[in-house]
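Down below is the structure, laid out as structure tokens.
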Amino acid sequence: MKDVGLWTISKVVLNHPHPCCPDRVEMLKQHRELSMFVRRTIETHEEARIKPSKTYQSFVAAAGSHHELSFIERDVRNYITGEVRNISEEDDAKEFGKGQLRMKEKNQNFFFELNLEADHYIKHVFWADARSRAAFEYFRDVVSFDTTYNTNRYNLVLGSFVGVNHHGQSTLLGCALMKNEDIQSFKWLFECWLHCM
């Protein structure tokens, strides 16, 4: 009844269009959990750089079947990105900055700018090595900037500045990592690019 904003139930169909599986109800999100043993094992595997899929398969092999586990592979991945990797993100940002400084010490033509969020986490970073900067001098007629990659462990957006050399081949002119793709991030990045080149 549209005029009064009420609904009238005229027909009820109680049969399911698909078979129910009450024996798999434990796999609903609210029933899944990672025990302390599983969490510690995931952390150990992550330190050893074992892929999450391999970690999950080790649990499946130990249990005899994935039906015997109280979690799914996505839970392993979520634990790694939500808990394990966040512990080391601050340390990794510091190490990344130290690595950039070492590159600068080795070659004065190496350029980088690092912008940290709360002095701990990477917000933006741009770098171009001496070869990229030299290539820009020759191949700056057309420069492409692409941010389609987002595959690193901290979900930072990878951007690349690319030119075309005299053989028609792509040549890397600079790289960037950004926490997000907002206007301020791009403004910061392009100012670094102009300052570098």
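Numbering (the UniProt record's numbering), first residue to last: 1 to 197.
Even for Gly, the Cβ is constructed at its ideal location relative to N, Cα and C.
If you're wondering where the values come from, they're calculated on a predicted model, not measured in any experiment.
Enumerate in chain order the residues of its own chain whose CB-to-CB distance from residue i is below 7 Å, with the five nearest sequence positions on each side excluded.
i: Ser170; result: Val162 and Val164
i: Tyr79; result: Leu34, Arg39 and Ile42
i: Val76; result: Ile42, Pro52, Thr55 and Tyr56
i: Ala61; result: none
Buried or exposed for residue i, going by 16 or more other Cβ atoms inside 10 Å?
i: His124; result: buried
i: Phe37; result: exposed
i: Ala93; result: buried
i: Ile9; result: exposed
i: Glu46; result: buried
i: Gly159; result: buried
i: Ser65; result: exposed
i: Ser144; result: exposed
Give the C-beta separation of residue i and residue j to the nearest angstrom, bearing in mind that I take them to be a contact with Cβ-Cβ under 8 Å.
i: Ala128; j: Gly174; result: 4 Å
i: Glu117; j: Lys179; result: 7 Å
i: Glu33; j: Phe71; result: 7 Å
i: Glu73; j: Pro52; result: 7 Å
i: Leu156; j: Ile183; result: The pair is not a contact, with the Cβ atoms about 18 Å apart (cut-off 8 Å).
i: Ala103; j: Phe96; result: The question names Ala, but residue 103 is Met in the sequence shown. The Cβ separation is near 11 Å, so there is no contact.
i: Cys192; j: Arg133; result: Not quite, the Cβ-Cβ distance comes to about 13 Å (not below 8 Å), so this is no contact.
i: Glu181; j: Thr147; result: 6 Å
In terms of residues, what are the limits of the beta strand (DSSP E) holding residue i?
i: Thr171; result: Ser170 to Met178
i: Val164; result: Val157 to Val164
Taking the alpha helix (DSSP H) that residue i belongs to, which residues open and close that run?
i: Leu69; result: No alpha helix (DSSP H) contains Leu69, which DSSP labels as neither H nor E.
i: Ile183; result: Ile183 to Cys196
i: Ser53; result: Pro52 to Ala63
i: Ala130; result: Ala130 to Tyr138
i: Glu113; result: Here Glu113 belongs to no alpha helix (DSSP H); instead the beta strand (DSSP E) covers Phe111 to Glu117.
i: Ile42; result: Met36 to Glu47
Ignore the nearest five residues each way along the sequence and tell me which others in residue i's own chain have a CB closer than 6 Å to its CB.
i: Phe112; result: Gln100 and Trp127
i: Ala63; result: Leu69
i: Asn115; result: Lys123 and His124
Sorted by chain position, which residues of the same chain lie with C-beta nearer than 8 Å to residue i's C-beta, five sequence neighbours on each side aside?
i: Leu189; result: His124, Phe126, Gly159, Ala176 and Met178
i: Asn107; result: Asp129 and Ala130
i: Val142; result: Gly163 and Val164
i: Phe139; result: Gly163, Val164, Asn165, His166, Thr171 and Leu173
i: Met1; result: Trp7 and Thr8
Checking the sheet assignment: what are the DSSP bridge partners for residue i?
i: His124; result: Asn115 and Met178
i: Phe96; result: According to DSSP, which records beta bridges pairwise, Phe96 is partnered with nothing at all.
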